[in-house]
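According to this note's numbering, the residues represented by the sequence shown are 964 to 1300, in order.
Everything below concerns the one structure shown next.
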Amino acid sequence: MLGQPGVGLLQLIGALALVGAVVAAVHHAEVVAHRVGEPLGTLVLALAITVIEVALIVSLMLSGGATAAALPRDTLYATVMIICNGVIGACLLVGGLRHREQSFQVAGTGPALAALVVLCTIALVMPVFTTSSPEGTYTEAQLVFVGLASSALWAVYVFVQTVSHRDYFLPASDAADESVHAQPPTRLQAGLSALLLPLALVAVVGLAKALSPLVEGLVNAASLPKAVVGIVIALVVLMPETWAALRAARANRLQTSMNLALGSALASIGLTVPAVVVAATWLDLPLVLGLAPKEMAMLAMTFLVSAITLGTGRTHLMQGAVHLVVFAAFVFLAFVP
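In structure tokens, the structure reads:
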């Protein structure tokens, strides 16, 4: 058995490997995105992360049984809060500090935000108010409806973004950075990156899961709520998307940042809910989706703030600061319920 110094060294190596996997994931996603162009490119990272997130949640549900009944709810809530407040807030702040004011197309962002509000409400809020099953849960028929509605709305969003109203998700003008005008990668380079991207994302999730006992031990030693573990893991899993969105905002490509952020949040709900419903129904696993009143209030504030700050299509650092304060409140209340 390794001694404490050996364990600490392994943990350090694991942390460094995690950073390397994140860097690799971002690089390969950007290569593929540059090859296929906007807005298809921004779907690549969002879809890859969501598929792996679904696999991680379902595997933990299978191993955790009844103790993991609320895991999908906690993961989805944390993901939406991190993206809508942490990622978007950081992008608006970084872009505002560097470029003073930035713009994006409300015609694309507005419907995406509306779809996210609907998905979160029917998946995470309505279970508290339905009466056909215990509070916070759905009946099997209700679960099937929610799963179908979530996947259908996400599919419509993807169709609108990539086919029918593609122009709504394109930058109004090219950003003045070299990546916009650089020669696209070759088909071979893009194909290689498309193969390596899932491997890098699997490494990110795998290393995050491997390091989770360390995080859980630190949380228990500090007598913190168990929800903190889920937040930490969600933050790590979202690192590639966060990095890519921040780089786009810094390069004055805020439209790309919005596509990444809202697209990832929509994919997280639209794909995870149906997958969890299938797993819970098929394997007879307990599933609690309804949020507590505090979390519902935070979610409502997030959507109200987002409707105001993203409603004009023009942003500066003040909007970013508002989102980051909401994110700080989310994290603080997770540590101090």
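Glycine included, C-beta positions come from ideal geometry on N, C-alpha and C.
Quick caveat, the model's predicted, so the values are computed rather than measured.
Neighbour-count burial assignment, residue i, 16 or more Cβ in a 10 Å radius
i: residue 1117; result: buried
i: residue 1064; result: exposed
i: residue 1149; result: exposed
i: residue 1236; result: buried
i: residue 1363; result: For the chain, the structure presents residues 964 to 1300; residue 1363 sits outside this window and is missing.
i: residue 1183; result: exposed
i: residue 993; result: buried
i: residue 1201; result: buried
i: residue 1122; result: exposed
Within 8 Å, strictly: CB atoms of residue i and residue j
i: residue 1075; j: residue 1227; result: no
i: residue 1083; j: residue 976; result: no
i: residue 1095; j: residue 1102; result: yes
i: residue 1255; j: residue 984; result: no
i: residue 1017; j: residue 1238; result: yes
i: residue 1215; j: residue 1062; result: yes
Span separating the alpha-carbon of residue i from that of residue j
i: residue 1193; j: residue 1006; result: 24 Å
i: residue 1298; j: residue 1208; result: 27 Å
i: residue 1170; j: residue 980; result: 8 Å
i: residue 1042; j: residue 1156; result: 26 Å
i: residue 1257; j: residue 1037; result: 13 Å
i: residue 1129; j: residue 1072; result: 12 Å
i: residue 1048; j: residue 1124; result: 22 Å
i: residue 1032; j: residue 1248; result: 7 Å
i: residue 1132; j: residue 1168; result: 29 Å
i: residue 1060; j: residue 1280; result: 6 Å
i: residue 1185; j: residue 1191; result: 11 Å
i: residue 1093; j: residue 1039; result: 20 Å
Integer Cβ distance of residue i from residue j, believed to fall under 8 Å
i: residue 1034; j: residue 1044; result: Not really, about 16 Å apart at Cβ, beyond 8 Å.
i: residue 1289; j: residue 1259; result: 14 Å between Cβ atoms; not a contact.
i: residue 1120; j: residue 1229; result: 6 Å
i: residue 1308; j: residue 999; result: The structure shown has nothing for residue 1308, since the chain only spans 964 to 1300.
i: residue 1091; j: residue 1240; result: At roughly 18 Å, the Cβ-Cβ gap does not stay under 8 Å, so residue 1091 and residue 1240 are not in contact.
i: residue 1068; j: residue 1253; result: With a Cβ gap of about 35 Å, residue 1068 and residue 1253 do not count as contacting.
i: residue 1161; j: residue 1011; result: 6 Å
i: residue 1079; j: residue 1283; result: With 8 Å as the limit, residue 1079 and residue 1283 do not qualify as a contact, their Cβ atoms being about 19 Å apart.
i: residue 1021; j: residue 1242; result: 5 Å
(message) So within the segment 1086 to 1157, which uninterrupted alpha helix (DSSP H) runs reach at least 4 residues, ignoring any that extend past its ends?
(response) Runs of the alpha helix (DSSP H) inside the segment 1086 to 1157: 1103 to 1122 and 1141 to 1144.
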